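Visitor:
There are 2 protein chains.
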Amino acid sequence: MRKPVEAGLREWVEQVSMLLEQDGVPRMAGRIFGWLLVCDPPEQSLEDLASAVQGSKASMSTMTRLLAQSGLVDRVRLPGARRDAFRIQPSQWQTLWRSRIALIQQATALTERGLELLSGRPPAQRTRLEELDRQYRFFLRALPEILERLELEEPSGERRARARPARGREPARHAT
Amino acid sequence: MRKPVEAGLREWVEQVSMLLEQDGVPRMAGRIFGWLLVCDPPEQSLEDLASAVQGSKASMSTMTRLLAQSGLVDRVRLPGARRDAFRIQPSQWQTLWRSRIALIQQATALTERGLELLSGRPPAQRTRLEELDRQYRFFLRALPEILERLELEEPSGERRARARPARGREPARHAT
DNA sequence: TCGTATGTTCAGTCTTGACTGAACCCACGG
DNA sequence: CCGTGGGTTCAGTCAAGACTGAACATACGA
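Respectively, the protein sequence lines represent chains A and B. For the numbering used here, count along the first sequence from 1 and bump the result up by 15. For the numbering used here, count along the second sequence from 1 and bump the result up by 15.
#1: When we look at the beta-carbon of residue 156 (chain A) and count the other beta-carbons within 10 Å, is it buried (16 or more) or exposed?
#2: Can you give me the start and stop residues for the beta strand (DSSP E) that residue 89 (chain B) sits inside?
#3: Report the residue from B:160, B:124 and B:143 whose alpha carbon sits nearest the alpha carbon of residue 51 (chain A).
#4: Just the Cα atoms here: how many angstroms apart are residue 96 (chain A) and residue 79 (chain A)?
#5: For residue 165 (chain A) versus residue 121 (chain B), is the C-beta distance shorter than 8 Å?
#6: Short check: CB of residue 48 (chain A) to CB of residue 20 (chain A), under 8 Å?
#7: Taking just the CA atoms, how far does residue 110 (chain A) sit from residue 56 (chain A)?
#8: With distances taken Cα to Cα, identify the nearest neighbour of residue 82 (chain A) among A:108, A:160 and A:130.
#9: Find the residues of chain A that neighbour residue 47 (chain B), judging by a C-beta separation of less than 8 Å, and give them in chain order.
#10: Along the beta strand (DSSP E) that carries residue 96 (chain B), what are the first and last residues, could you check?
#11: Taking its Cβ as the centre, do 16 or more other Cβ atoms sit within 10 Å of residue 146 (chain B), making it buried, or is it exposed?
#12: With a threshold of 8 Å between beta carbons, is residue 44 (chain A) in contact with chain B?
#13: Which of the three DSSP states, helix, strand or coil, is assigned to residue 59 (chain B)?
#14: Taking residue 153 (chain A) as the query, report the chain B residues whose CB atoms sit under 7 Å from its CB, ordered along the chain.
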């Protein structure tokens with residue numbers, strides 16, 4: 016029986032999940048992610064999570080897997096431990112933004128295909144799509160550069176030395 | 016009864032709607048948007064839309080309003096015409112990206128609030144959130160600049176006017 | 001080998017919201 | 001003043017999927 020999550024934090028976690036929900040993330044998954052952002056210690060077992068976000072074990076299992084698959088969360092097994100632990104994946108933001116880029120790529124592919132379909136038509140009919148296409152191409156060019164800049168700006172010298180003195184050494188491993 | 020939409024285009028429109036769906040746009044609204052991107056003429060009545068995307072009049076009414084409210088589509092009344100017409104709003108992309116920025120703003124607000132809540136805690140517990148907060152701040156700074164660049168690159172000077180006065184007067188059908 | 005602790009999967013419930021036909025409202029032309 | 005075309009709104013249906021308890025699978029310690 017864990018100590019109940021402080022009220023302020025619980026509410027905050029809920030807000031995180033509601034924000035994530037707008038991006039298609041299930042509520043419960045959002046809560047887990049939110050909680051993992053602020054919990055202490057950073058690694059939490061399924062049971063920890065279940066009690067922290069007040070969800071079923073089944074949800075924890077399903078949603079942690081979903082989060083792990085989308086690269087937002089790491090599943091780790093501390094050596095000798097009996098249970099798995101979860102923590103937010105340090106470079107989750109990369110995953111996030113790369114998936115966003117992937118979306119834009121899809122969109123660009125679509126506008127191109129659309130222009131093909133309209134190839135025979137009068138120019139006036141194509142301008143709308145052409146404009147959109149131009150936009151997407153622009154962002155496709157610009158976004159990676161932005162990400163680059165973000166990475167350069169990194170103050171804490173990238174996450175190399177992010178070594179957290181968790182009890183015991185970490186398997187710093189990222190399986191899947 | 017309009018001529019049925021060409022098969023290739025119909026499929027393309029469907030793909031557009033499925034892509035938009037990932038951003039929380041209802042299927043039918045996505046179809047309308049897709050269709051408005053390629054149709055001829057660019058202005059379409061409710062009836063046109065209904066037959067083009069094979070949906071009910073009710074859907075057309077609801078979804079066009081939704082699209083208009085989110086700034087993706089314009090409702091216009093050609094002078095003397097009896098029916099309203101819809102066309103994609105020329106600067107829809109701005110709306111799109113601005114709403115994206117708004118999301119990031121919300122997120123930033125959340126990370127800040129979170130850091131407040133953790134103010135008393137040991138630094139080690141705060142790093143995760145601090146990192147995320149940094150990321151969001153960065154994008155909040157970077158994105159407007161990007162949009163600016165996109166606008167400058169614009170070949171057709173048309174979209175200089177950011178809020179073009181709607182040609183047909185706003186029908187007082189419903190406010191806000 | 002068994003018993004137990006962990007995690008996964010299944011079947012079912014319940015909520016949400018997209019979509020529809022039909023009723024309704026309103027402005028305009030007679 | 002009616003009648004009609006155009007648009008909105010309502011009530012209801014339907015499907016998707018989030019969430020759950022419980023059954024199931026697996027590995028490990030005794």
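Ideal Cβ placement from N, Cα and C applies to all residues, glycine included. Predicted model, so just to flag it, every value in this text is computed and none were measured.
Guide: From the atom records:
#1: The residue in question, residue 156 (chain A), is exposed, as its Cβ has fewer than 16 Cβ neighbours within 10 Å.
#2: Run containing residue 89 (chain B): 88-91, per the beta strand (DSSP E) assignment.
#3: Of the candidates B:160, B:124 and B:143, the one whose C-alpha sits nearest the C-alpha of residue 51 (chain A) is B:143.
#4: Each residue's Cα considered, the two are about 18 Å apart.
#5: no
#6: no
#7: 23 Å
#8: A:108
#9: Within 8 Å Cβ-Cβ: nothing; residue 47 (chain B) doesn't reach chain A, min ~14 Å.
#10: Where residue 96 (chain B) is concerned, there is no enclosing beta strand (DSSP E), given that its DSSP letter is neither H nor E.
#11: By the neighbour-count definition (other C-beta atoms within 10 Å, threshold 16), residue 146 (chain B) is a buried residue.
#12: no
#13: strand
#14: 165 and 168
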